[in-house]
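Below is one structure; the comments refer to it alone.
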Ligand SMILES: CC(C)(COP(=O)(O)OP(=O)(O)OC[C@H]1O[C@@H](n2cnc3c(N)ncnc32)[C@H](O)[C@@H]1OP(=O)(O)O)[C@@H](O)C(=O)NCCC(=O)NCCS
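Residue numbers (the numbering used here): 2 to 144.
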């Protein structure tokens with residue numbers, strides 16, 4: 002668990018309100034509806050995603066790749082694997098929330114066919130305590 006907490010804290014180090022440590026991640030993992038996906042190179046984890054599945058809907062709770070491995074297509078691979086698994090599990094919709102100004106993540110999700118369906122005004126804060134909107138995005142299966 003601590004290796005995932007290390008990846009998480011490194012990936013989100015510029016996002017002050019994302020402060021999950023080992024105990025918070027452990028708590029999330031222990032919820033029955035939570036499933037995780039880990040991506041490795043040479044058996045070393047370099048990124049992971051946590052999802053919550055309830056009935057035929059899924060939500061990506063968090064998703065990250067270690068910065069030093071970014072821009073190599075690993076997030077695209079991980080998200081593709083998640084989508085394939087959700088299809089097998091007959092999930093109808095997959096949702097997530099992302100900061101509007103998180104260009105890398107928004108581009109990734111758009112590239113993987115997620116669509117923006119709504120906006121949560123002033124949902125996040127940055128280091129300067131400015132409020133930032135969240136985009137709610139959806140991947141629809143069986144379109
Ligand atoms: C967002 C994140 C997961 C992308 O991981 P990655 O492995 O670098 O992504 P990929 O290499 O698979 O790139 C996929 C697409 O994302 C977009 N992208 C990735 N990095 C980008 C950047 N720095 N700027 C703009 N777009 C970017 C591009 O559209 C890219 O497709 P392309 O290479 O065909 O142009 C990673 O930057 C990360 O973990 N960030 C910190 C945590 C985070 O923001 N998580 C999402 C929270 S909702």
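Each residue gets a CB set at the ideal place from its N, CA and C atoms; glycine is no exception.
Simplified DSSP state of residue i, which is helix, strand or coil
i           : result
residue 11  : helix
residue 119 : strand
residue 58  : strand
residue 45  : strand
residue 154 : Past the edges of the chain, shown from 2 to 144, lies residue 154, and the structure says nothing about it.
residue 33  : coil
residue 82  : helix
residue 67  : coil
Start and end residues, alpha helix (DSSP H) containing residue i
i           : result
residue 94  : Per DSSP, residue 94 belongs to no alpha helix (DSSP H); it is in the beta strand (DSSP E), 94-100.
residue 24  : 23-30
residue 109 : 104-112
Cβ pair residue i, residue j closer than 8 angstroms
i           : j           : result
residue 8   : residue 67  : yes
residue 95  : residue 133 : no
residue 120 : residue 135 : yes
residue 115 : residue 87  : no
residue 92  : residue 57  : yes
residue 52  : residue 83  : yes
Span of the beta strand (DSSP E), counted from its first residue to its last, around residue i
i           : result
residue 132 : 132-141
Residue i classed as buried or exposed, judged by whether at least 16 other C-beta atoms fall within 10 angstroms
i          : result
residue 50 : buried
residue 99 : buried
residue 41 : exposed
residue 44 : exposed
Examine the Cβ distances between the region 34-41 and the region 15-24 and report whether three or more of them are shorter than 8 angstroms.
-> These segments do not touch.
With contact counted as at least three CB pairs below 8 angstroms, one residue from each stretch, are the region 69-80 and the region 20-35 in contact?
-> The region 69-80 vs the region 20-35: no contact.
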